[in-house]
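What follows is a set of notes on a single structure, which appears directly below.
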């Protein structure tokens, strides 16, 4: 089992690493071997203020003197992609989906702060339908952990989970019953390209209908974390200057050029919200925001 550390002193670019992660052949995952202990870090990290402002403008977020609660995930995206594209990582990104996330913000991060970002490949779980694997990320300011997340990816396939599933399972968020619509907005045709220019995430499924169809989708889709950021804001959750936890399950795509609706049911659970794409009766995103 390899034990590797990838250091960065500037924000790592995503594009070249994404091509490798999507297209290069892989050894394939074997439960008897597990996942390599790959870590990455970016010391001296700072948010690019111009990119941050564009992020807020494109997504319609309220500008603040602290980073939006999801923004450290954007900053860590390049590190994640370089870890996924490392030759020792056995799973090809093509066919893998970003399934779930848990984010804990212990302290709001000033937009001028100098940070340390540390990511590591974490645990995996065999399920009946495939394999779940985790990425953990921590953000430190002045030596203190102020933000951390676990990103859960899923790869469909026969990995032994049908015969011997893992004892542990990841968290789940069930759809709300009788949710009331509290917001509606349109995801514009160019949102994929807009978000990619800011974050560097040029995954082909976000770039054009033709490219998305090559990857098995009906058409191009929005970046899930961009839709999530809008949903948290429109749902009225205050994540500025306070400790909070964001949990999300991405259950289906949100297509570009689609109407998106946000539903809540405060009597059932005031911390929960569901996001729907077009006329699909099933939610594309189930989310939760809790105070810590």
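Numbering (our numbering), first residue to last: 7 to 298. All C-beta atoms, glycine included, are put in the ideal place defined by N, C-alpha and C. Note that this is a predicted model, so its numbers are computed, not measured.
Beta-carbon contacts of residue i that lie in its chain and below 8 Å, excluding the five residues immediately before and after
i: residue 54; result: 17
i: residue 59; result: 69
i: residue 10; result: 42, 43, 44, 45, 92 and 94
i: residue 20; result: 83, 84, 87, 205, 206, 207 and 208
i: residue 47; result: 11, 12, 13, 14, 85, 122, 123, 124 and 125
i: residue 213; result: 198, 199, 202 and 226
Neighbourhood of residue i by C-beta distance below 6 Å, restricted to the same chain and skipping five residues each side
i: residue 251; result: 110, 296 and 298
i: residue 153; result: 78, 111 and 145
i: residue 282; result: 267 and 289
i: residue 23; result: 87, 88 and 91
i: residue 210; result: 217
Span of the alpha helix (DSSP H), counted from its first residue to its last, around residue i
i: residue 186; result: Careful: residue 186 lies outside any alpha helix (DSSP H), inside the beta strand (DSSP E) at 186-193.
i: residue 25; result: 21-29
i: residue 205; result: 197-205
i: residue 237; result: 230-240
Residues of its chain near residue i, where Cβ-Cβ distance is below 7 Å and the 5 sequence neighbours each way are ignored
i: residue 90; result: 27 and 99
i: residue 101; result: 161 and 162
i: residue 178; result: 255
i: residue 176; result: 106, 131, 138 and 158
i: residue 67; result: 74, 235 and 239
i: residue 265; result: 190, 192 and 284
Per-residue DSSP class, three states only, for residue i
i: residue 275; result: helix
i: residue 63; result: helix
i: residue 299; result: For the chain, the structure presents residues 7 to 298; residue 299 sits outside this window and is missing.
i: residue 116; result: strand
i: residue 56; result: helix
i: residue 136; result: strand
i: residue 210; result: helix
i: residue 4; result: Not covered by the structure: residue 4. The range shown for the chain is 7 to 298.
i: residue 82; result: helix
Whole-Å CB distance - residue i paired with residue j, under 8 Å assumed
i: residue 197; j: residue 262; result: 6 Å
i: residue 260; j: residue 193; result: 6 Å
i: residue 245; j: residue 75; result: 4 Å
i: residue 291; j: residue 243; result: So it is not a contact: roughly 14 Å between Cβ atoms.
i: residue 254; j: residue 106; result: 7 Å
i: residue 185; j: residue 275; result: 10 Å between Cβ atoms; not a contact.
i: residue 148; j: residue 50; result: In fact, because the Cβ distance is near 13 Å, the residues do not count as touching under 8 Å.
i: residue 293; j: residue 237; result: 6 Å
Delimiting residues of the beta strand (DSSP E) encompassing residue i
i: residue 43; result: 43-51
i: residue 219; result: Per DSSP, residue 219 belongs to no beta strand (DSSP E); it is in the alpha helix (DSSP H), 215-220.
i: residue 131; result: 121-132
i: residue 293; result: 291-297
i: residue 155; result: 150-162
i: residue 226; result: First-last for residue 226: undefined, no H or E at that position.
i: residue 105; result: 102-111
i: residue 97; result: Element bounds for residue 97: n/a, residue is neither H nor E.
i: residue 12; result: 9-14
i: residue 256; result: 250-256
i: residue 270; result: 264-270
C-beta neighbour in chain B for residue i, strict 8 Å
i: residue 253; result: This model lacks chain B altogether; it includes just one protein chain.
Cβ-heavy atom distance, residue i to the ligand MG, below 7 Å
i: residue 142; result: For the ligand MG, the structure offers nothing, since it holds no ligand at all.
Touch test, the region 119-130 against the region 138-157, Cβ-Cβ under 8 Å, three pairs minimum: yes
So, do the region 114-121 and the region 62-82 have three or more beta carbon pairs nearer to each other than 8 Å? yes
The region 199-219 touching the region 166-175, judged by at least three CB pairs closer than 8 Å: no
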